[in-house]
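> Position 106 of the sequence shown, counting from 1, maps to 106 under the numbering used here, and the rest follow consecutively.
Note that the Cβ used here is the ideal one computed from N, Cα and C, for glycine as well.
Since this is a predicted model, take the numbers as computed values, not measurements.
Pasting in a structure now, in structure tokens, and then I'll have a few things to ask.
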Amino acid sequence: MNILILNPNTSKHITERMVSVAKPLLPASWSVTGLTAGNGPKVVNDPSKVEQATQTIQEMARAGMNECDGIIIGISLDCALEEIRAVSSVPVVGMTEAACLMACAQTRRFGVLTLGAAMATSYEKLVDDRGLASRSIGVEAPDLGKAFEPSGALVDESIAEVLTHSARQLVSRGAQSVVLAGAVLCGYAPVLSRRLNVPVFDGASSAALLMRSLKLLVV
């Protein structure tokens with residue numbers, strides 16, 4: 001069983017982060033292959049880069065879908081999720097959709113934590129498009145450029161402090177759980193959950209768990 005994680009930006013360290021978080025949650029006999037775009041933006045951190053990312057990930061999916069058993073959309077905006085599902089014979093999972101579904105399964109109201117104020121509206125639209133707007137209390141999106149840089153550690157304490165502060169704003173507004181919408185935020189869920197004392201869901205782990213269920217439970 002081989003699962004592809006498709007990253008439509010050119011930052012290999014982000015692909016590696018997603019794989020490192022997702023792989024331990026899948027059966028040991030499964031392989032996880034992370035693919036990074038060969039050209040395009042280093043990161044998708046403003047709306048002007050979304051169109052290219054959408055085109056790129058569709059091309060990556062078309063090239064790989066016949067060589068795998070499942071696809072995880074490795075960009076937190078879930079670009080082209082429905083379009084790829086429509087033409088794929090294998091399960092296709094979006095990271096933020098999966099995290100929102102996990103949050104809804106455990107709590108009544110969730111908040112979304114992403115990076116960059118320019119992206120907040122895009123995530124509000126994503127939640128609405130998934131029919132989950134009534135379950136969301138909104139989005140917090142601190143500007144935190146350091147989070148997009150390569151790091152030797154899965155969790156950087158200075159980044160975790162900023163995320164904790166912003167997540168507390170969501171909790172104070174009524175969120176009973178927090179969705180981390182950002183590939184670079186994968187891996188921060190456990191530490192934030194301990195600090196906030198609420199469930200926190202990141203995209204890679206949520207997508208891996210949903211993919212596991214789809215492959216093992218759906219006949």
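Using a Cβ distance threshold of 8 Å, determine whether the region 73-85 contacts the region 146-158, with at least three qualifying pairs required.
no
> Please determine if the region 11-23 and the region 44-53 are in contact, where contact requires at least 3 C-beta pairs separated by less than 8 Å.
no
> Touching or not, the region 93-102 and the region 179-189, by the rule of three or more beta carbon pairs under 8 Å?
yes
> Check whether the Cβ atoms of Tyr188 and Leu170 sit closer than 8 Å, and answer yes or no.
no
> If you measure between the beta carbons of Lys215 and Pro91, is that distance less than 8 Å?
yes
> For the alpha helix (DSSP H) containing Gly203, name the first residue and the last one.
203-217
> Going by C-alpha to C-alpha distance, which of Glu161, His165, Leu113 sits closest to Gly203?
Considering only alpha carbons, the answer is Leu113.
> Buried or exposed for Ala66, going by 16 or more other Cβ atoms inside 10 Å?
Per the sequence shown, the amino acid found at residue 66 is Asn instead of Ala. It counts as exposed.
> Starting from Ile71, trace the alpha helix (DSSP H) in both directions and tell me its first and last residue.
Careful: Ile71 lies outside any alpha helix (DSSP H), inside the beta strand (DSSP E) at 70-73.
> Considering only residues of the same chain and omitting the five flanking positions on each side of Ser122, which have a CB-CB separation below 8 Å?
Pro47, Val50, Leu77
> Roughly how many angstroms separate the alpha carbons of Gly138 and Phe110, rounded to a whole number?
8 Å
> Taking 8 Å as the cut-off, decide whether the C-beta atoms of Ala160 and Val191 are in contact.
yes
> So, at 6 Å on beta carbons, what are the nonlocal neighbours of Ala208 in its own chain, with the 5 sequence-adjacent residues on each side left out?
Ala22, Leu25, Leu26
> Suppose you measure from the CA of Ala167 to the CA of Glu140; what does that come to, to the nearest Å?
7 Å
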